[in-house]
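Be aware that the sequence shown starts at 113, since it is given in the working numbering, and climbs by one per residue. Step one of this worksheet: look at the structure below.
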Amino acid sequence: MNLKPAALVLLAFATQCTSKTETIDQPKEQNIIGTWHLHSSQIIEKGDTIKTFPVKDQEMIKQITDTHFSFMKHDTRQGKGDTAVFDAGAGTYTLKGDDYTENLQYCNYREWENHQFHFKLQINGDTLVQTGFEKIDSLGVDREIREVYVRK
113 MNLKPAALVL LAFATQCTSK TETIDQPKEQ NIIGTWHLHS SQIIEKGDTI
163 KTFPVKDQEM IKQITDTHFS FMKHDTRQGK GDTAVFDAGA GTYTLKGDDY
213 TENLQYCNYR EWENHQFHFK LQINGDTLVQ TGFEKIDSLG VDREIREVYV
263 RK
């Protein structure tokens with residue numbers, strides 16, 4: 113008895129009788145991975161709001177991978193003039209929904225290393241808004257920040 117034709121018919125029938133899977137709308141994970149250019153930032157401290165960026169002749173980027181972040185700010189005049197600056201830092205992060213926590217492991221301001229900073233992230237198109245608090249008791253730092261980045 114030859115079962116091959118019967119097996120082919122059974123296989124064809126089985127593939128036609130698949131159940132339809134319904135898609136349930138799940139919250140979409142924010143895609144933060146990439147390079148971000150700082151557009152603007154401000155600090156709110158003791159009721160005062162201070163714009164801290166943009167600064168003439170300075171640039172800042174933040175790079176985010178699937179496990180780490182880094183930031184670099186420098187002047188565009190190669191260390192000359194009153195805007196000469198170079199800031200850098202990096203570490204790991206976690207992202208759960210819009211809760212974003214940076215674990216700063218490396219920083220040219222060494223006293224900032226090994227601190228955690230908690231933020232809320234909001235992405236709208238190519239714009240990332242990061243708001244939250246920087247608090248380091250030993251340095252007397254206790255302020256709210258708001259940074260707006262544009263994807264590069």
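Where a beta carbon is used, it is the ideal one built from N, C-alpha and C, also for glycine.
- The stretch 215–229 makes contact with the stretch 244–254, as at least three CB pairs between them are under 8 Å.
- When C-alpha distances from Asp-187 are compared across Gly-203, Gly-201, Thr-179, Asp-169, the shortest belongs to Asp-169.
- If only uninterrupted beta strand (DSSP E) runs of at least 3 residues are considered, those enclosed by the stretch 197–227 are 198–208, 211–219.
- Scanning its chain for C-beta atoms nearer than 8 Å, with the 5 sequence neighbours on each side dropped, one finds around Gly-146 the residues Gln-175, Ile-176, Arg-263, Lys-264, in chain order.
- Here the stretch 252–260 makes contact with the stretch 156–165; the two share three or more CB pairs at distances below 8 Å.
- Contact between Gly-203 and Tyr-218 holds, since their C-beta atoms are separated by about 6 Å, short of 8 Å.
- Of the other Cβ atoms in all chains shown, fewer than 16 fall within 10 Å of the Cβ of Phe-198; this residue is therefore exposed.
- Only residues of its own chain outside the window of five on either side were considered, and among them Met-172, Asp-199 have a CB closer than 6 Å to the CB of Lys-185, listed in chain order.
- The distance from the Cβ of Tyr-205 to that of Asn-220 is about 19 Å, inconsistent with a contact at the 8 Å cut-off.
- C-alpha of Tyr-212 to C-alpha of Arg-189: approximately 33 Å in a straight line.
- A residue is called buried once 16 or more other Cβ atoms fall within 10 Å of its Cβ, and Leu-240 is buried on that count.
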